[in-house]
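Worksheet: one structure, shown below.
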Ligand SMILES: *Cc1c(COP(=O)(O)O)cnc(C)c1O
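Numbering (our numbering), first residue to last: 2 to 451.
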């Protein structure tokens, strides 16, 4: 029999997170305050616990995972690594395809990996409530799941269009005890400001972040929690790549190329950073972030200091951006509709260590359907971006006869996304390239620094 699942024991869950900053050739660019000067830890203390702020600026290579966090992770970790024999056969490729499946977490994606750590440190520092935003609902679900376990109240500002389109994501969050509000709301200055301009606003991740940050900053018992982008989030996600390395070692393999879907960059960092030191030392391995052509942050955005939210409440971060007032087109990979990207991923892309590809919507669903029919798993629309890129690579191998080893993150399942699959089957999905003019115009509205 061929081996399909490569599994680890619970005792093999990593004991430390890997911090890529220790191996980066250049130090990360610092976040800036409103005065254009680098901010100190105090500027973040109103909304984050000190332990996470320390991780945000740390250059230590290995950071211990607290026992309580590791114990919580056993709820679904270690996650399986699959060899996609059936897909390889269906494609007729000589390539070997492996995928790390993060959809087995209770929330259905990789996002609980960081939610656990964030809830833990907030609890440790006496915080009672967390606010956050959610787009597609994956992050809100993850925080709802762990908030409940740690006895923290969770309020989720859910982008209005998703709130209406994905009622079952909302029920899932409520099942775990979170409060869910359609954003923009009337409860914050940020929400009221947006509604005054557009009473029918369907919301965006940038707006929902403004609301959640504003509320957390105004209350002592409340902190804010972000599901992607920040250094500490990517750090927590490195359990993905660390486990994968061990799993591949067990079968004597090493990837030639890794693909991961890229929204804010957390599963890209989580999977790829543990392979980065090898790459920096000259190893021949390609690390490729895959994003939607409709939200082409890395492939067509500006590398510039910008806000993380629409209202300009967050520090300025140096990253690839489509502009903080970006209004995303209504594509179905909700988790990939963010205007910016992780500063760490952005810098490594700028410096040529990471690559990026943009793929169009219909092609991603086509890949998702092929994958489901071969491997059984119905993938999240976000994950279908990585599947598309991995399949294209495998098909190139078929032409050249190369037996490459291809690895990708299957970041989540698509069980709450069947309405999107329905639209695909009905031929109602459209491809949409983000217009050049909008990218050009965003440049003028970027905050001026330096
Ligand atoms: C949120 C999400 C993503 C994108 O977020 P990253 O921070 O870029 O990883 C990708 N896939 C799934 C299933 C998600 O929920």
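Heads up, the beta-carbon is just placed ideally off N, CA and C, and yes, glycines get one too.
Is it the case that the CB of residue 262 approaches a heavy atom of ligand 1 more closely than 7 Å?
Your numbering for residue 262 matches position 261 in the chain shown. Result yes, Cβ under 7 Å from ligand 1.
Roughly how many whole angstroms lie between the Cα atoms of residue 127 and residue 218?
Within the chain shown, numbered from 1, the residue matching residue 127 stands at position 126. Within the chain shown, numbered from 1, the residue matching residue 218 stands at position 217. Taking C-alpha positions only, residue 127 is separated from residue 218 by approximately 16 Å.
Since I believe residue 405 is in contact with residue 258 (beta carbons under 8 Å), could you give me their beta-carbon distance rounded to a whole number of angstroms?
The residue labelled residue 258 in the question sits at position 257 within the chain shown. The residue labelled residue 405 in the question sits at position 404 within the chain shown. Yes, they are in contact, since the Cβ atoms of residue 258 and residue 405 sit about 7 Å apart, within 8 Å.
Residue span of the beta strand (DSSP E) that contains residue 1, given as start and end:
It is not possible to answer for residue 1, since the shown part of the chain is limited to 2 through 451.
Run through the DSSP bridge pairs and tell me what residue 322 is partnered with.
Against the chain shown, residue 322 aligns to sequence position 321. In the DSSP assignment, residue 322 forms a beta bridge with 303.
Got a sec, what are the start and stop residues for the alpha helix (DSSP H) residue 386 sits in?
Reading the chain shown from its first residue, position 385 is the one you call residue 386. For residue 386, the uninterrupted alpha helix (DSSP H) segment begins and ends at 382–401.
Does the beta carbon of residue 139 fall short of 7 Å from some heavy atom of ligand 1?
Position 138 of the chain shown, counting from 1, holds the residue named residue 139. Flag set: Cβ of residue 139 near ligand 1.
Quick one: complete beta strand (DSSP E) runs, 3+ long, within the segment 328–374?
Qualifying beta strand (DSSP E) stretches, in chain order: 356–360.
Check for me: the beta strand (DSSP E) holding residue 133 runs from which residue to which?
Residue mapping note: residue 133 aligns to position 132 of the chain shown, counting from 1. Here the beta strand (DSSP E) through residue 133 covers 130–135.
Should residue 426 be labelled buried (16 or more other beta-carbon atoms within 10 Å of its own) or exposed?
Here residue 426 refers to the residue found at position 425 of the chain shown. Exposed is the call here.
Mind checking residue 18: buried by the 16 CB within 10 Å criterion, or exposed?
Locating residue 18 in the chain shown gives position 17, where the first residue counts as 1. Classification for residue 18: buried.
Taking DSSP's pairing of strands, which residues face residue 18 in a bridge?
On the chain shown, position 17 is the one that residue 18 refers to. DSSP lists 64 as the bridge partner or partners of residue 18.
For residue 7, list the residues DSSP reports as bridge partners.
Reading the chain shown from its first residue, position 6 is the one you call residue 7. According to DSSP, residue 7 bridges with 82.
Check whether the Cβ atoms of residue 69 and residue 412 lie closer than 8 Å to each other.
Sequence index remark: in the chain shown, residue 69 carries index 68 (1-based). Sequence index remark: in the chain shown, residue 412 carries index 411 (1-based). Taking 8 Å as the Cβ cut-off, residue 69 and residue 412 do not qualify as a contacting pair.
Pick helix, strand or coil for residue 154, following the three-state DSSP scheme.
By one-based count along the chain shown, residue 154 stands at place 153. In the structure shown, residue 154 sits in a strand (DSSP, three-state: E or B).
What is the DSSP secondary structure of residue 73, reduced to helix, strand or coil?
In the chain shown, the residue the question calls residue 73 occupies position 72. Residue 73: helix per DSSP, three-state reduction.
With contact counted as at least three CB pairs below 8 Å, one residue from each stretch, are the segment 229–245 and the segment 368–379 in contact?
With the cut-off at 8 Å, the segment 229–245 and the segment 368–379 do not touch.
Report yes if the C-beta of residue 267 is less than 7 Å from at least one heavy atom of ligand 1; otherwise report no.
Here residue 267 refers to the residue found at position 266 of the chain shown. It does: the Cβ of residue 267 is within 7 Å (strictly closer) of some heavy atom of ligand 1.
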